Amino acid sequence: MAKEMKEAQEEEKKNKEDADADVDEKNDANATKNKNTIRRTSKYRSLFTPAGYAFAIWGFIFTSEFVFAMRSMFFTNTKDEAFAANATGYFALANVLQSVWCFTFREWTEKPRRHWINAFVLGVEALALWSSKEKVFEVNGRFALAESGFVSVPIRTHFAWILCACGINANTVLAKIGSASAQVVTAIGTAVLATSVGAYSSFYRGDAVTPSVFAWALYAIHKDGGYRAPSGSRSSSSGDKKDKNKDAEKECIPSEKQTKRFTDIARMCAIANLLFAAKALLS
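The C-terminal residue of the sequence shown carries number 272 in this note's numbering, and the numbering is unbroken.
Structure below.
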């Protein structure tokens, strides 16, 4: 009798695991359908995760910075020479920090108590790029695309995207250790912070690039949908302990209502940043 009960319990557990696997596969299928490259069960997901296409911006960043570097090296009598001279110090520091981040984004920082290192490095890099673009602004006190576009556009684009990346990393940390409510509040705060920086850049620096990048990132976050699924393994070798861990993880995942509320706010912030960019271009 005891043997039969044990077999029945094992069969019930196996059926539950198969059902969970089906849910995970459905989530992943929806992610593929929506062109999201980050799986719903990925350990790097959070509410503040953009759709995969958003990362294509790196192509523009590296291409524009390559042009900036080549002009600085071989065309020393151009009109933007003074802009490049002012920006170079902090820009070089930012690239060093970019390399440091590549070293820190490894398995040894995946634990919650170390994962903050990635966000910290990106935050310092964003500060360096901010300082670099402010140095460009100091040359003539306004954003002049015709005079400094080869210098300021790549730096401003890089700055805005790195600030978004810092937000992505910070929200990923909280997704591992924070409650669902804390994750929602932090994600909304990150979107509002980006929008505030976009407003400042537009109204006080005549900068259309920074809010444009924020609009790109925030709309990609809206398109992603923000939904997550527990990342627990589909095989069960540790019994009830694994089930409890997965249940605890589910409790820390924001509900569909909370997620929808945030993605709607992200879309509104994206629209606001587009308006800020338009205002800077038309000024």
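All C-beta atoms, glycine included, are put in the ideal place defined by N, C-alpha and C.
Note that the coordinates shown come from a computational prediction; the quantities given were computed from them, not determined experimentally.
Contact under 8 Å by Cβ, residue i with residue j
{"i": "residue 266", "j": "residue 183", "result": "no"}
{"i": "residue 173", "j": "residue 247", "result": "yes"}
{"i": "residue 162", "j": "residue 141", "result": "no"}
{"i": "residue 199", "j": "residue 187", "result": "yes"}
{"i": "residue 268", "j": "residue 190", "result": "no"}
Segment limits, alpha helix (DSSP H) that includes residue i
{"i": "residue 212", "result": "198 to 213"}
{"i": "residue 35", "result": "Where residue 35 is concerned, there is no enclosing alpha helix (DSSP H), given that its DSSP letter is neither H nor E."}
{"i": "residue 80", "result": "70 to 93"}
{"i": "residue 185", "result": "169 to 194"}
Cβ shell of residue i (< 8 Å), same chain only, five flanking positions each side left out
{"i": "residue 167", "result": "175 and 241"}
For residue i, the three-state DSSP class (helix, strand or coil)
{"i": "residue 270", "result": "helix"}
{"i": "residue 64", "result": "coil"}
{"i": "residue 155", "result": "helix"}
{"i": "residue 29", "result": "coil"}
{"i": "residue 241", "result": "coil"}
{"i": "residue 99", "result": "coil"}
{"i": "residue 218", "result": "coil"}
Own chain residues within Cβ distance below 6 Å of residue i, not counting five before or after
{"i": "residue 93", "result": "106, 107 and 110"}
{"i": "residue 82", "result": "117"}
{"i": "residue 258", "result": "180, 184 and 207"}
7 Å Cβ shell around residue i - same chain, five flanking residues per side excluded
{"i": "residue 151", "result": "111, 114, 115 and 118"}
Outcome for residue i when other beta-carbon atoms lying within 10 angstroms are tallied against a minimum of 16
{"i": "residue 196", "result": "buried"}
{"i": "residue 48", "result": "exposed"}
{"i": "residue 272", "result": "exposed"}
{"i": "residue 18", "result": "For residue 18, the predicted model reports a pLDDT of 49, less than 50, meaning its position is unreliable and no value from the coordinates is stated."}
{"i": "residue 76", "result": "buried"}
{"i": "residue 51", "result": "exposed"}
{"i": "residue 64", "result": "exposed"}
{"i": "residue 128", "result": "buried"}
{"i": "residue 194", "result": "buried"}
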